[in-house]
Amino acid sequence: MRTWLLPASFLAPALIVLIIINVVPLFYTITTSFQSYYLPRSYDRGFNGLENYTELIFDKRFWAALGRTAIFVTVSLAIEVALGFGIALMLIRQRWGLGALRGLILLPIIVTPIAVAFVWRLLFSPSLGLLNYLLGYVGLGPFEWIYSPNQALPALILVEVWQHTPELVLIIFTGLLTLPDDLTEAAMIDGANPWQVFMAIKLPLLKPILMVGIVFRVISLLKTFDVFYIVGRGGPGTSTETLALYVYATGFSFLRMGYASALAMVLFAIVLITTILIVRWGDVKLG
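Structure, rendered in structure tokens:
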């Protein structure tokens, strides 16, 4: 028996499951994206070339959803990275109660997204919600939150930031613990202030680690569905309809499976290209 057959036999079940779950649906979606496939008339399903992708170019609803997705990802990621750095630096300087504080900060990660969405939907109630009740004590509000086309997207960004900032806190905090103290001490002796130490030493050293966290967050943000669907349902109107929600609506509400597959492939391409760009940004050479 060849030496590679034994380890291959152990890996084969996992590889088969991986192919069935990931590779087969991907190729099926690619194939369907080049077909005219309306689910109630599945018997008329057939190849239509690039017609779905051509329609996508002139679809105003697609471009609006893509724009909202870009705003949601950019704003959420910027806030999460800023808060992640701030909280991680605070934890590094914490001398007492560190374990309890870290557990409290990481608590939102433990809660399932569906439960988070339902709780925040109650909090956002204009008349009975706790947020307007508390803001009323400081003379703010009442706000309409998810029931206003102008306030709904910022409200959903608030939910996303609350739940997922701890992920970046954990990654950045772990990275800060691995930084060598001698470089920081040498820079301080040479007269560098804390901001200069952070920008010239800590941030470049953290770049590869930060890249990993940003990649995970960007992928998650681009395909965020549960919070948007449960809290806002893409509304009011289509004011919070992101590309992921538009793919769902096209496929499972409008039953246009071919066009929905084309939209899904565009979303997949955006995720892939964005990930490659971030990885190249984080591929730094030190020394």
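Read in numbering that gives the first Met the number 0, the sequence shown has 187 at position 188, and its numbers run on one by one without any break.
Every residue, glycine too, gets a C-beta built ideally from N, C-alpha and C.
- Cβ neighbours of Leu122 within its own chain (closer than 6 Å, five residues either side excluded): Gly128, Leu129 and Leu130.
- When the five nearest sequence neighbours on each side are left out, the beta carbons in the same chain lying within less than 6 Å of the beta carbon of Gly212 are those of Leu167 and Ile170, in order along the chain.
- Burial state of Trp62 is exposed, judged by a 10 Å Cβ sphere holding fewer than 16 other Cβ atoms.
- Under a 10 Å Cβ-count criterion, Leu103 is classified as exposed, with fewer than 16 other Cβ atoms of the shown protein chains found around its own Cβ.
- Excluding sequence positions up to five before and after Pro235, its CB lies within less than 6 Å of the CB of Pro148, all in the same chain and listed in chain order.
- When secondary structure is reduced to three states using DSSP, Gly45 falls in the strand class.
- Under the three-state reduction of DSSP, Arg232 is assigned to coil, being neither helix nor strand.
- The beta carbon of Leu220 lies closer than 6 Å to those of Val72 and Ser75 in the same chain, with the five residues before and after it left out.
- Apart from sequence neighbours up to five positions away, the residues of its chain that approach Ala263 with a beta-carbon distance below 7 Å are Thr28 and Val246, ordered along the chain.
- Using a 10 angstroms sphere on the CB of Leu176, the tally of other CB atoms stays under 16, which defines it as exposed.
- Taking C-beta atoms as the reference points, Glu79 and Tyr258 fail to come closer than 8 Å.
- Following the DSSP letters along the chain, one finds Val265 inside the alpha helix (DSSP H) bounded by residues Met256 to Gly281.
- Counting C-beta atoms within 10 angstroms of its own C-beta, Ser126 has fewer than 16 neighbours from the protein chains shown and is therefore classed as exposed.
- Each residue's CA atom was taken as its position, placing Ile108 and Gln162 some 6 Å apart.
- Spatial neighbours of Glu143 in its own chain (CB-CB distance under 6 Å, excluding positions within 5 residues in sequence) are listed in chain order as Pro125 and Gln150.
- Within 10 angstroms of the beta-carbon of Glu240 lie 16 or more other beta-carbons, which makes it buried.
- Rounded to the nearest whole angstrom, the CA to CA distance from Thr223 to Ile70 is 13 Å.
- Put simply, the backbone Cα of Leu152 is about 7 Å away from that of Ile145.
- Between Phe197 and Ala114, the alpha-carbon positions lie close to 38 Å from each other.
- Boundaries of the alpha helix (DSSP H) harbouring Ser75: Lys59 to Arg92, taken from the DSSP string.
- Comparing C-alpha distances from Ala77 to each of Met256, Ile18 and Arg216 shows the shortest one belongs to Arg216.
- Counting only the Cα atoms, Gly66 lies some 21 Å from Ile275.
- Leu244 is a Cβ neighbour of Gly233, given a cutoff of 8 Å.
- Following the DSSP letters along the chain, one finds Phe117 inside the alpha helix (DSSP H) bounded by residues Pro112 to Leu122.
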